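Residue numbers (the working numbering), protein chains in the order written: chain A, 8 to 512; chain B, 17 to 381.
Note that CB positions come from ideal geometry on N, CA and C, so glycine has one too.
These numbers were taken from a predicted model, which means no experiment stands behind them.
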Amino acid sequence: MGLFEKFLHTLALPRWGVHPDDHKRPAADAPLRLLPLPARLYVPLQQHVGQPGRPIVLVGQKVLKGQLIAEPQGRISAPIHAPTSGIVAAIGEITAPHPSGLPFNAITIESDGDDRAIEARVPSDPFALSPEEITDLVAAAGVVGLGGATFPSSVKLALGKRTRITTLIVNGGECEPYLSCDDRVMRDFAAAVIDGVRIMMHAMGAIEALVGIEDNKPESIAAMRKAAVPFPEIKLRPVPSRYPMGSDRQLIQTLTGKEVPSDCRAADVGVIVNNVSTANAVHRAIRLGEPLIRRIVTINGGAVWQPGNILAPVGTLASDLLAFAGLKSEPARLLMGGPMMGIVLPHAQVPIVKGTAGILALAENEIVMPEASPCIRCGNCTRACPIGLLPLEMAANIRVDNLSGAAALGLSDCISCGCCAYICPSHIPLVQYFTHAKGELWSQERSKLRLDASKRLAADRAERLTRETKEKAAAGARRKAERAAQKAEAATAAAEADSSTETAT
Amino acid sequence: MNNALLAAAPPTAPHALASNSVSRIMLTVVATLVPATLYGFWLYGWPAIDLWLVTLLAALFGEAACLKLAGRQALPELFDGSALLTGWLLAVSLPPWAPWWIGVMGGLFATVLGKQVFGGLGFNLFNPAMVARVFLLISFPVHMTVWVAPLPITAVTAPGFHDGLLILLNGIPRLDAVSSATLLGFAKTELSRGIDLMHSLAAVTAPGSSLAGARTGSLGESASFLIAAGGLVLLFLRVITWHIPVAMVAGIALPAAIAHAVDPARYLDVTTHLLSGGAMLGAFFIATDYVTSPNTKVGQLVFGTGCGLLTYVIRTWGGYPEGVAFAVLLMNALTPVIDRYIRPRILGRNWRGAPLDPDVERAKS
Numbered sequence: 008m009g010l011f012e013k014f015l016h017t018l019a020l021p022r023w024g025v026h027p028d029d030h031k032r033p034a035a036d037a038p039l040r041l042l043p044l045p046a047r048l049y050v051p052l053q054q055h056v057g058q059p060g061r062p063i064v065l066v067g068q069k070v071l072k073g074q075l076i077a078e079p080q081g082r083i084s085a086p087i088h089a090p091t092s093g094i095v096a097a098i099g100e101i102t103a104p105h106p107s108g109l110p111f112n113a114i115t116i117e118s119d120g121d122d123r124a125i126e127a128r129v130p131s132d133p134f135a136l137s138p139e140e141i142t143d144l145v146a147a148a149g150v151v152g153l154g155g156a157t158f159p160s161s162v163k164l165a166l167g168k169r170t171r172i173t174t175l176i177v178n179g180g181e182c183e184p185y186l187s188c189d190d191r192v193m194r195d196f197a198a199a200v201i202d203g204v205r206i207m208m209h210a211m212g213a214i215e216a217l218v219g220i221e222d223n224k225p226e227s228i229a230a231m232r233k234a235a236v237p238f239p240e241i242k243l244r245p246v247p248s249r250y251p252m253g254s255d256r257q258l259i260q261t262l263t264g265k266e267v268p269s270d271c272r273a274a275d276v277g278v279i280v281n282n283v284s285t286a287n288a289v290h291r292a293i294r295l296g297e298p299l300i301r302r303i304v305t306i307n308g309g310a311v312w313q314p315g316n317i318l319a320p321v322g323t324l325a326s327d328l329l330a331f332a333g334l335k336s337e338p339a340r341l342l343m344g345g346p347m348m349g350i351v352l353p354h355a356q357v358p359i360v361k362g363t364a365g366i367l368a369l370a371e372n373e374i375v376m377p378e379a380s381p382c383i384r385c386g387n388c389t390r391a392c393p394i395g396l397l398p399l400e401m402a403a404n405i406r407v408d409n410l411s412g413a414a415a416l417g418l419s420d421c422i423s424c425g426c427c428a429y430i431c432p433s434h435i436p437l438v439q440y441f442t443h444a445k446g447e448l449w450s451q452e453r454s455k456l457r458l459d460a461s462k463r464l465a466a467d468r469a470e471r472l473t474r475e476t477k478e479k480a481a482a483g484a485r486r487k488a489e490r491a492a493q494k495a496e497a498a499t500a501a502a503e504a505d506s507s508t509e510t511a512t
Numbered sequence: 017m018n019n020a021l022l023a024a025a026p027p028t029a030p031h032a033l034a035s036n037s038v039s040r041i042m043l044t045v046v047a048t049l050v051p052a053t054l055y056g057f058w059l060y061g062w063p064a065i066d067l068w069l070v071t072l073l074a075a076l077f078g079e080a081a082c083l084k085l086a087g088r089q090a091l092p093e094l095f096d097g098s099a100l101l102t103g104w105l106l107a108v109s110l111p112p113w114a115p116w117w118i119g120v121m122g123g124l125f126a127t128v129l130g131k132q133v134f135g136g137l138g139f140n141l142f143n144p145a146m147v148a149r150v151f152l153l154i155s156f157p158v159h160m161t162v163w164v165a166p167l168p169i170t171a172v173t174a175p176g177f178h179d180g181l182l183i184l185l186n187g188i189p190r191l192d193a194v195s196s197a198t199l200l201g202f203a204k205t206e207l208s209r210g211i212d213l214m215h216s217l218a219a220v221t222a223p224g225s226s227l228a229g230a231r232t233g234s235l236g237e238s239a240s241f242l243i244a245a246g247g248l249v250l251l252f253l254r255v256i257t258w259h260i261p262v263a264m265v266a267g268i269a270l271p272a273a274i275a276h277a278v279d280p281a282r283y284l285d286v287t288t289h290l291l292s293g294g295a296m297l298g299a300f301f302i303a304t305d306y307v308t309s310p311n312t313k314v315g316q317l318v319f320g321t322g323c324g325l326l327t328y329v330i331r332t333w334g335g336y337p338e339g340v341a342f343a344v345l346l347m348n349a350l351t352p353v354i355d356r357y358i359r360p361r362i363l364g365r366n367w368r369g370a371p372l373d374p375d376v377e378r379a380k381s
């Protein structure tokens, strides 16, 4: 690139975000590998946003690959299927992929090694089906958003049908460093992704699809462009590589110029965003009748011997994946997800879930965390914030526990993308501040609600008591009056009787 | 939220950091000042070198003493480069042949009263170097306005190493022989004597205004071009953004252009204004100080324009021939107000903070 082109390129870049070293290659270029079937799979019941699944199998029961083992509960939920054939060994607590390391419920399946699949019924032509039927099939297959949010896809499709969606945005941004599972999906299964996109467009009534792919993935762009040639309604849109381009609001803004109002969802402006891996999962669910039971996971990081992408069943332990890829050294930090937003794993005995894009085993030299120094108000965080917030001001408020001050600066709009903390020359853990404050505010809100409720109860009680006292007093007075009247009556009667006796005497 | 709470929390995202640090930023700024400073050394010789050294050491000493008193680990903070930069900026804004105690008092004042009493790096309201310079200017108006004409270190008459030390310690001998006025000071004095610029600037006694920078002034004033070049490097390296320098230059240049066009006999031209009195140093190095300038682009434009306009007003109608230091301090005082009222627009909200209208956004395509 010449200097002038470089300059033009710089001008075209969005004014927000950061550009971390992407560390995607060589992992992204390594051919996709298939994980040999693990002996045991640990399938968590909560792998999506919403209510956890309810187990419908019993310990000791034989299950087939793709068989429903937990059904959805409530409006926003997703079913869970057996990733392979075998025997349900246990239903109970295992370590959750969460930094707390708190256990949560999973179904443990002991593989029988046959990998026998349940019979699937497949519609001959999905485009002959009504949108509702497709939505139902997607729901039954347990497909959730694979970009990280794990929102049940069927709910999104139904939402699309309800709110006049014009544009389906297909998110091939994959802006997190180290991760390349979406890249691999687009390179290896471009036709499947495009087919999934068409099915989703049909299901939500969208008239066009924009596929946004960061320009650091030229192979993906080429593969997808080739696959999309027969379908003019699907347009390939390379976007600049800029973190967090894969965040839906940023991608929508870059591709359509629309801004999603802060109190609305993307659907309210006629757009729905779905990840390329989700499109692939929809394709498999509709065309092959295969529920979401496996995914491509990136295994990467300085401690990994052979970094790359591995196709693995949901419920595989991170340790199995790491053992398959090989470790060069003891990882200094284990992450689920990318380095910008991923969570720390307490250990590798944690199963991958539908939303797991990658397991990173970072070496010591990749996680240098210098000590924080004072804020010099350089404003780098302000320039990097994709939302237009003032991270330094919010952090200054939070430091002195002025949470309402931080909230007034727009804390609730923060997407925790980590740009501010990444770019900060003073290495201030800004995201940590914001996470803490959001949690505090949330619990304050809850205790305020509770307080309001108990205040209301107390007020009701006081009112009832006064009412009762008043009623009692009134009743007493009435009784008194009645008694007095009776007495008076009796007195009159007695007087009358007296007088009559007197008269008589 | 206190530090103990932070330390107890498990490591959270992001797990990657840009390879930047406070000291890298400070040292980059210092590095871009080096060419102008070296050129100044050549122009003004040993006394200037000695004064520069004394000022820097005083600033560093003041910082170290305060950190020690505060019970903080002095070494890492002392070498974060911020005290070095403060001392350096002060040194290049002093009269090059000023006596040693000017440098010592200025350096100590800058880091002790200009910065550490507020709580150290990041907490000072005013630019420490300019606070010290204004303190010196008000307390020692005579010493702070004695300037010498450039006398390159290679010249025969230039003071040698030993003579340089004597000047630093005892002041300038045969003052009348070497003293000179800065262009702004000269113009002001002559105007006050009733001699208009047409005549005064044409006189033989008028100080030169060489474009190469060989002119009477501080190290940072003489080498305006090198200072501006250093500033451009900072822009290129994205240590600073264009907003404050451009706004400040425009704030000086626009009124200067208008006034000069209306009455060239009373008002100096744009070039003189921009190349004199540390305007370039102010625009690129002093007004752009992170700590004391607003943190939004619009706020920085307002701040820079204010610095420029105030500089022009003070130079033209004020009692002092130079105005950059006063202008920057006045705008520093306004920075919290600017930051309070000028905030960036949040995505999905309008300027007042209310959510956008979804129907308007839906209609866009």
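With a threshold of 8 Å between beta-carbons, can B:K380 be considered close to chain A, or not?
Yes, its Cβ sits closer than 8 Å to a Cβ of chain A.
Segment limits, alpha helix (DSSP H) that includes B:L217:
Neither: B:L217 is in no alpha helix (DSSP H) and is coded neither H nor E.
Mind checking A:S411: buried by the 16 CB within 10 Å criterion, or exposed?
By the neighbour-count definition (other C-beta atoms within 10 Å, threshold 16), A:S411 is an exposed residue.
Taking DSSP as the reference, what is the three-state secondary structure of A:H88?
Residue state, collapsed to three classes: strand.
In the region 27-46 of chain B, which residues sit with their C-beta less than 8 Å from some C-beta in chain A, listed in chain order?
Cβ contacts with chain A: P27, T28, A29, P30, H31, A32, L33, A34, N36, S37, V38, R40 and I41.
Who are the neighbours of A:P27 on chain B, taking C-beta pairs under 8 Å?
Ordered by position in chain B, the residues that pass the 8 Å Cβ test against A:P27 are A32 and A34.
Alpha carbon to alpha carbon, what distance is there between B:P112 and B:G56?
Between the alpha carbons of B:G56 and B:P112 lies a distance of about 9 Å.
Using 8 Å as the threshold, is the C-beta distance between B:G233 and B:I243 below it?
No.
Taking B:K313 as the reference, give the member of A:V289, A:T389 and A:A488 with the closest Cα.
Nearest of A:V289, A:T389 and A:A488 to B:K313, Cα basis: A:T389.
So, using beta-carbon positions, are A:E181 and A:D190 closer together than 8 Å?
Inclusion of A:E181 and A:D190 in the CB contact set at 8 Å is warranted, their separation being smaller than that value.
Reduced DSSP secondary structure (H/G/I, E/B, other) of A:A511:
Caution is warranted here: a pLDDT of 48 is assigned to A:A511, below 50, making its placement in the model unreliable, and the coordinate value is therefore given only provisionally. Residue state, collapsed to three classes: helix.
Taking the CB atoms as reference points, tell me whether B:A266 and B:G322 lie closer together than 8 Å.
In this structure, B:G322 does not lie closer than 8 Å to B:A266 by Cβ.
Proximity below 8 Å, CB of B:D96 to CB of B:M42:
Yes, the pair counts as a contact, with Cβ atoms nearer than the cut-off.
Could you tell me which residues DSSP pairs with A:Y49 in its beta bridges?
Bridge partners of A:Y49 according to DSSP: A:T115.
Cβ neighbour criterion (16 or more within 10 Å) applied to A:T512
Low confidence applies to A:T512: its pLDDT is 46, below 50, so where it sits in the model is not reliable, and the reading given next is rough at best. That one is exposed.
Under the three-state DSSP convention, the category A:R453 falls into
When secondary structure is reduced to three states using DSSP, A:R453 falls in the helix class.
Taking A:I206 as the reference, which of A:D408, A:N281 and A:A364 has the closest Cα?
For A:I206, the closest alpha carbon among the candidates A:D408, A:N281 and A:A364 is that of A:N281.
Interface residues of chain A around B:T312 at Cβ under 9 Å?
Neighbours of B:T312 on chain A, chain order: G386, T389 and L397.
Which stretch, first to last residue, makes up the beta strand (DSSP E) that contains A:I293?
Careful: A:I293 lies outside any beta strand (DSSP E), inside the alpha helix (DSSP H) at V283 to R294.
Contacts that B:I362 makes with chain A (C-beta to C-beta distance below 7 Å)
Listed along chain A are S269, I394, G395, L396, G417 and D420, each with a C-beta nearer than 7 Å to that of B:I362.
Which residues in the same chain have their Cβ closer than 8 Å to the Cβ of B:W367, if we skip the five residues on either side of it in sequence?
For B:W367, the CB contacts under 8 Å within the same chain, skipping 5 residues up- and downstream, are R361 in chain order.
Given B:I414 as reference, the closest of B:T308, B:F319 and B:L270 once Cα atoms are compared
Lying outside 17 to 381, the shown extent of chain B, residue 414 of chain B is not represented and no answer is given.
Does any CB atom of chain A fall closer than 8 Å to the CB of B:G209?
Per the sequence presented here, residue 209 of chain B reads as Arg, with Gly not at that position. With 8 Å as the cut-off, B:R209 does not count as an interface residue toward chain A.
For the putative contact between A:A57 and A:I83, defined by C-beta atoms under 8 Å, what is the C-beta separation to the nearest angstrom?
With the sequence shown as reference, residue 57 of chain A is identified as Gly, and Ala is not the correct amino acid for it. Yes, A:G57 and A:I83 are in contact; Cβ-Cβ is about 3 Å, under 8 Å.
Does the beta carbon of A:M348 sit closer than 8 Å to a beta carbon anywhere in chain B?
Taking Cβ atoms only, chain B reaches closer than 8 Å to A:M348, which makes this a yes.
Hey, quick one: how far does the alpha helix (DSSP H) through A:A35 stretch, first residue to last?
A:A35: not part of any alpha helix (DSSP H); DSSP gives it neither H nor E.
Could you confirm whether any beta carbon from chain A is found closer than 8 Å to the beta carbon of B:R88?
Interface with chain A (8 Å Cβ-Cβ cutoff): B:R88 is excluded.
Consult DSSP for A:N178 and reduce its assignment to one of helix, strand or coil.
Strand, per DSSP.
Taking just the CA atoms, how far does A:I214 sit from A:V304?
Straight-line Cα distance between these residues: approximately 32 Å.
Outcome for A:P354 when other beta-carbon atoms lying within 10 angstroms are tallied against a minimum of 16:
Strictly speaking, residue 354 of chain A in this sequence is His, with Pro absent from that position. A:H354 is exposed by the Cβ-count criterion.
Cross-chain neighbours of A:C382 in chain B, by beta carbon under 7 Å
At a C-beta separation below 7 Å, A:C382 has these neighbours in chain B: G138.
Unbroken beta strand (DSSP E) run spanning A:M343, endpoints
It spans R340 to M343 - the beta strand (DSSP E) in which A:M343 sits, taken as one unbroken run.
Partner residues on chain B for A:V276, Cβ-Cβ distance less than 7 Å
Here the neighbours are P374, E377 and R378.
Tell me, please, whether the region 355-368 of chain A touches the region 419-430 of chain A by the rule of three or more beta-carbon pairs shorter than 8 Å.
Taking a contact to require three or more Cβ pairs closer than 8 Å, the region 355-368 of chain A and the region 419-430 of chain A do not qualify as touching.
Across which residues does DSSP place A:R301 in a beta bridge pair?
DSSP lists A:P320 as partners of A:R301.
Only counting the same chain, and skipping five residues up and downstream in sequence, which positions put a Cβ closer than 7 Å to that of A:F196?
Only N287 meet the Cβ criterion.
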